[in-house]
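Asker: Terminal number for the sequence shown in the working numbering: 1128, no gaps in between.
Virtual Cβ for every residue (Gly too), placed ideally from N, Cα, C.
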Amino acid sequence: METMFGIAVDGVAYGMILFIISVGLSVTLGLMRVVNLAHGAFAMVGGYIASYAAQEAGLPYAAALVVAVALTVLATLPLERLLYRRIYGSANELAQVLLTIGLTFVIVAGINYLFGPTLKRIPLPDLLIGTVELGPKAIPTHRAFVIAAGAVTLLGLWWLLERTDFGIRLRAAVDDPAMAAALGIRTERLYLATFALGTGLAALGGVLGAELLPLEPYYAIRYIVLFLAVVAVGGAGSIFGSAAAALALGIVDTAGKYLIPSFGEFFFYAALILILFRWPHGFFKGRTA
840 METMFGIAVD GVAYGMILFI ISVGLSVTLG LMRVVNLAHG AFAMVGGYIA
890 SYAAQEAGLP YAAALVVAVA LTVLATLPLE RLLYRRIYGS ANELAQVLLT
940 IGLTFVIVAG INYLFGPTLK RIPLPDLLIG TVELGPKAIP THRAFVIAAG
990 AVTLLGLWWL LERTDFGIRL RAAVDDPAMA AALGIRTERL YLATFALGTG
1040 LAALGGVLGA ELLPLEPYYA IRYIVLFLAV VAVGGAGSIF GSAAAALALG
1090 IVDTAGKYLI PSFGEFFFYA ALILILFRWP HGFFKGRTA
């Protein structure tokens, strides 16, 4: 029972990290039709900035997190205007892949040059160290914090895209950009805001998940397959699909590593294959919630 409880807690926490990072990619791919393989690099940049802010600048954890998200968004906005805007809705997916994977290699090389090849860590505050009592069981405080952050992100995104004027305008701009522009909707600003939202979520996940997905220069290349798997299983553009996929894959992967550690990530990819065999278009294809 202790093992099963540990699998459940660690699996849900791991799944929530995958969700926070991947849902930004899902929104970009599902709503803006861009295969952004540099998304993992944005998560890595957020984590590295937070590590520098906490260890070198001496900022507290919360301040380092805010600074990391804000600076990552500001650093990537010029990329949206100069590069991504040229490929929105492009039928040439190969051009999207080549552009974004090339950007990934540039970012990886820059991180390796600036920060070196060693692992980086983000010191946790005393508030997130220790355990939280849940009846007869206790779970690590950081795991509880990550799970709560994932739940807040899920509900916040659902509200933003389904219950606000921004979400209505965004869906209209995605469905028919020409008609939306004719009605006075500033589609370029909507796409910029959506790109910033996705990048901010990537950076947030990179910071919160540093304990589970260690920060190193090849983070963007090592983990992008995990993020793409969540999007593929959940369905591009679906918030709840991304959450369901991330939790399912996270729990399966954690269980496999607990019970048969020598198999590595075998169970993650086996589950991915089985799920896509049953639902080839993902759990919630074409739905934003």
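#1: Can you check whether the CB of Val1069 is closer than 9 Å to the CB of Leu857?
#2: Could you say which of Leu1111, Ile1114, Ala847, Glu1055 lies nearest to Ala880 if we only look at CA atoms?
#3: Would you mind reading off the limits of the beta strand (DSSP E) that contains Glu972?
#4: Which one of Glu972, Arg872, Ser865 has the shortest CA to CA distance from Leu996?
#5: Under three-state DSSP, which class holds Ile978?
#6: From the DSSP output, in three-state form, read off Leu1009 for me.
#7: Would you please state the rounded distance, in angstroms, between the beta carbons of Gly1073 and Ala1083? I believe it to be under 8 Å.
#8: Considering Ser890, what are the terminal residues of the alpha helix (DSSP H) in which it resides?
#9: Do you know offhand how far Tyr900's Cα is from Tyr887's?
#10: One question on the structure: do Phe1122 and Ile1112 come within less than 9 Å of each other, judged by their Cβ atoms?
#11: Round the Cβ separation of Thr970 and Thr980 to the nearest angstrom and send it over; I've been treating them as touching at under 8 Å.
#12: Could you check which residue in Leu1000, Tyr1108, Ile1078, Ser1081 has the C-alpha nearest to that of Val1091?
#13: What separation, rounded to the nearest whole angstrom, lies between the Cα atoms of Leu922 and Val985?
#14: What is the residue span of the alpha helix (DSSP H) that Ala1035 lies within?
#15: Here's the rule: buried if 16 or more other CB atoms are within 10 angstroms of the residue's CB, otherwise exposed. What is Ser890?
#16: Whole angstroms is fine: what's the gap from Asn951's alpha carbon to Met1018's?
Answerer: For this structure:
#1: Against a cut-off of 9 Å, the Cβ pair of Val1069 and Leu857 comes out as a contact.
#2: It is Glu1055 whose Cα lies nearest to the Cα of Ala880.
#3: Segment 970-973, the beta strand (DSSP E) holding Glu972.
#4: Nearest option by C-alpha distance: Ser865.
#5: Assigned with DSSP and collapsed to three states, Ile978 falls in strand.
#6: In this structure, Leu1009 counts as helix in the three-state DSSP scheme.
#7: The pair is a contact, with the Cβ atoms about 6 Å apart (cut-off 8 Å).
#8: In the DSSP assignment, Ser890 falls within the unbroken alpha helix (DSSP H) covering 878-894.
#9: Looking at the backbone, the Cα of Tyr900 and that of Tyr887 are separated by about 13 Å.
#10: No, they are not a contact pair.
#11: Contact between Thr970 and Thr980 holds, with the beta-carbon distance rounding to 6 Å and staying under 8 Å.
#12: Just measuring C-alpha positions, the residue of Leu1000, Tyr1108, Ile1078, Ser1081 sitting nearest Val1091 is Tyr1108.
#13: When rounded, the distance between both Cα atoms is 33 Å.
#14: First-last of the alpha helix (DSSP H) with Ala1035: 1026-1047.
#15: Around the beta carbon of Ser890, 16 or more other beta carbons lie within 10 angstroms, which makes this residue buried.
#16: Rounded to the nearest angstrom, the two C-alpha atoms are 45 Å apart.
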